[in-house]
Amino acid sequence: MKSTENNEKKISIWMALIPIVFLVVSLSVTLIQFEGEAHIPLLLSTAVAAIVALKLGYKWEFLEKSMIQSISVAMQAILILMVIGVIIGTWIAGGIVPTMIYYGLELLSPTFFLVTTCILCSIVSFATGSSWTTAGTVGIAVLGIGQGLGIPVAMIAGAIISGAYFGDKMSPLSDSTNLAPAVVGVNLYQHIGHMIYTTGPALIIALILYGIIGIRFADQSVDIEQIQLIKTIMSEYFVISPWLFIPPLIVITLVVLRMPALPGMTIGGILGVLCHVFVQGGDLGNAINIMYGGFSIETGVEMIDSLLTRGGLEGMMYTVSLIILAMSFGGILEKTGMLQAIMKKLIALTNSTGNLIATTVAACIVSNAITADQYLSHVIPGRMFAKKYKEKNLALKNLSRTLEDAGTMTSSFFPWNTCGAFMMATLAVHPFEYAPYAFLNILCPIIAVLFGYLGITIVKEKTAEVPVQPGTNKRVQSL
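Just so we're aligned: 318 in our numbering is position 49 of the sequence shown, and the numbers increase by one with no gaps anywhere.
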């Protein structure tokens, strides 16, 4: 079996681009012309990548092992995704989501809804360090509230994503916030402090944009009858009680206390079952069926039915299969050195600080699209660009910040990426629909590139002053 290191030098950029070009073309044709799904293009692209690798001399056993290893990286995400499906189903059946929607319709107005949504999700995500927990708890609730207020779901989902990824990027509890500085050898809190310069302005601009959009909805009178109808149906089909806010608060608290996501989410699902049985008067057998197949309801109001008929383990299998195929494709490209060949070509473009930052951003986005995993969008560019930042005498916290500005913030834009797939399954909104309204996620990489070219907040590496030897002009050589 040939090693990856020995073969990377033999892979030309043109060979490495064959599966990438095939993926882009096949996805474009399938998604745009045929309005199909991304699964088959990813499957075929994996086959093309395998053929190229075999042509380069790799053995099938190595390629198979590469795919399995890549899929194993996403197994935690897949397990969490399945548990989130259980939570969504049981929290609807237990009246938790209907309760949050019911009271939310009384408290929120259309004018400030998107701003409030972004701020609320920012607070929860910073407290938990998890964009997934945020979307899976308050996210599904505010989505229902916004629909009741007549706001398009794509805009609501965009505001949720912006807030959710604020904490994913800035919280010291976040996996990605810890991973990015660890990859390049930067202190965690120096990393977070340096990110304030790009994330702060991005968040302020995003909130202003959400406020401007909100003015558009201020002119349209709130349909009181529609809201009253929703509240009436909610109270007719579910027991509505402030006590039902306890389960989401417990889950958020557990995550804040650093309980691992999987057991924390599982407890959330169990609490949903208990609410269904003891508060809503359902039976345990029905709860088990809901955990697998999801919750369904027929009220006669299409908006409510589509909002509440969701969840369940089975409902997540579409997304799970998408992740497995995407990780298989990314695994072959990474382990055979094709991705590294592309990255090395990008590094050749870094003749200035601005170009270096812009190229890092591009590399992170490419990694998100190809490897389908947010973590790899930190690890691969981080390892490959660290030497270049040192050569240009740039502090490595510039690199760790850029990894987050681009790698963390664009991961939810690709439906086959683990993050994009999760958000699509949880919010029931396609990434291509909410992406134009995820202002924070769009602005962070743009500001990173802009600051790179203008030299704003780009920190140079401090070099220790070498003492002069007394009586000479020579520097003392330090050991």
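C-beta atoms are modelled at their ideal positions from N, C-alpha and C, and glycine is treated no differently.
Residues in its own chain within less than 7 angstroms of T568 by CB, not counting five upstream and five downstream?
I502, Y506 and D574
Helix, strand or coil: which one does DSSP assign to L582?
coil
Quick check on the DSSP output: what are the complete alpha helix (DSSP H) runs of length 4 or more inside the segment 583–641, in order along the chain?
586–604, 607–616 and 622–640
If you check the beta carbons only, do F381 and I420 fall under 8 angstroms apart?
no
Please report the distance separating the alpha-carbon of L374 from that of F691.
Each residue's CA atom was taken as its position, placing L374 and F691 some 26 angstroms apart.
Could you tell me if I461 is buried or exposed, where buried requires 16 or more neighbouring beta carbons within 10 angstroms of its beta carbon?
buried
Do I429 and C390 count as a contact pair if the criterion is CB distance below 8 angstroms?
Result yes, Cβ atoms of C390 and I429 sit closer than 8 angstroms.
Taking contact to mean 3 or more Cβ pairs, one atom from each stretch, closer than 8 angstroms, check whether the segment 318–336 and the segment 605–617 are in contact.
yes
What residue range is occupied by the uninterrupted alpha helix (DSSP H) comprising G358?
M344 to A362
Kindly indicate the opening and closing residues of the alpha helix (DSSP H) around I566.
Note, I566: premise wrong, no alpha helix (DSSP H); not H, not E.
Sort out for me which residues DSSP pairs L785 with in a bridge.
Because the chain spans 270 through 748 in this model, residue 785 falls outside it and cannot be assessed.
What did DSSP end up calling M369 once you bin it into helix, strand or coil?
DSSP places M369 in the helix class (H, G or I) of the three-state scheme.
In terms of residues, what are the limits of the alpha helix (DSSP H) holding V422?
V422 to M439
Quick one: what's got a C-beta closer than 8 angstroms to Q643's C-beta in the same chain, skipping five residues either side?
S445, N637, G676, T677, S680, N686, T687 and C688
Between which two residues does the alpha helix (DSSP H) containing Y722 stretch?
F708 to L723
Which of the three DSSP states, helix, strand or coil, is assigned to A307?
coil
Restricting to Cα atoms, I'd like to know which of T622, Q302, M586 and I539 is closest to Y722.
T622
Can you give me the C-alpha to C-alpha distance between I414 and Y371, rounded to a whole angstrom?
Distance between the alpha carbons of I414 and Y371: 8 angstroms.
In terms of residues, what are the limits of the alpha helix (DSSP H) holding H242?
Here the chain covers residues 270 to 748 and nothing more, so residue 242 does not appear.
Along the chain, where does the alpha helix (DSSP H) containing P705 start, and where does it finish?
For P705, no alpha helix (DSSP H) encloses it, and the DSSP letter there is neither H nor E.
Would you kindly work out how many angstroms separate the C-alpha atoms of S281 and V718, rounded to a whole number?
28 angstroms
Do you know how far the Cα of L296 is from the Cα of A404?
27 angstroms
Would you tell me roughly how many angstroms separate the C-alpha atoms of G363 and G537, rounded to the nearest one?
Cα to Cα, the separation comes out at about 11 angstroms.
From what residue to what residue does the alpha helix (DSSP H) around A451 run?
D444 to V453
Can you name, in chain order, every residue of its own chain whose Cβ lies under 6 angstroms from the Cβ of T726, other than the five neighbours on each side?
Within its own chain, the residues whose Cβ lies closer than 6 angstroms to the Cβ of T726, once the five positions on either side in sequence are excluded, are Y466 and F720, listed in chain order.
For P684, I'd like the list of residues in its chain whose CB is within less than 8 angstroms of its CB, leaving aside the five on either flank, ordered along the chain.
A307, L591, A690, M693, H699, P700 and F701
Using the beta-carbon count (16 or more within 10 Å), is L526 buried or exposed?
Per the 10 Å Cβ criterion, exposed.
Taking the beta carbon of G651 as the centre, do at least 16 other beta carbons fall within 10 Å, making it buried, or is it exposed?
buried
Using the rule of at least 16 other Cβ atoms within 10 Å of the residue's Cβ for burial, across every protein chain shown, is F529 buried or exposed?
Before going on, a small fix: residue 529 reads as Pro here, not Phe. Result: exposed.
Are the beta-carbon atoms belonging to I715 and P470 less than 8 angstroms from one another?
no
Find the nearest neighbour of T316 within the set I474, S510, L594 and L540, judged by alpha-carbon distance.
The sequence shown places Ala at residue 316, rather than the Thr named in the question. When each option's Cα is compared against that of A316, the closest is L594.
Would you identify the three-state DSSP class for N456, choosing helix, strand or coil?
coil
So which of L448, V384, G584 and M560 has the shortest CA-CA distance to F486?
For the set L448, V384, G584 and M560, the Cα lying nearest the Cα of F486 is the one of V384.
Is M612 near A627, with beta carbons less than 8 angstroms apart?
no
Give the secondary structure of N686 by DSSP, where H, G and I count as helix, E and B as strand, and everything else as coil.
In the structure shown, N686 sits in coil (DSSP, three-state: anything other than H, G, I, E or B).
Which term fits R744, buried or exposed, when burial requires 16 or more other beta carbons within 10 angstroms of its beta carbon?
Legend: pLDDT at R744 = 40, less than 50; position of this residue unreliable, no value from coordinates given.
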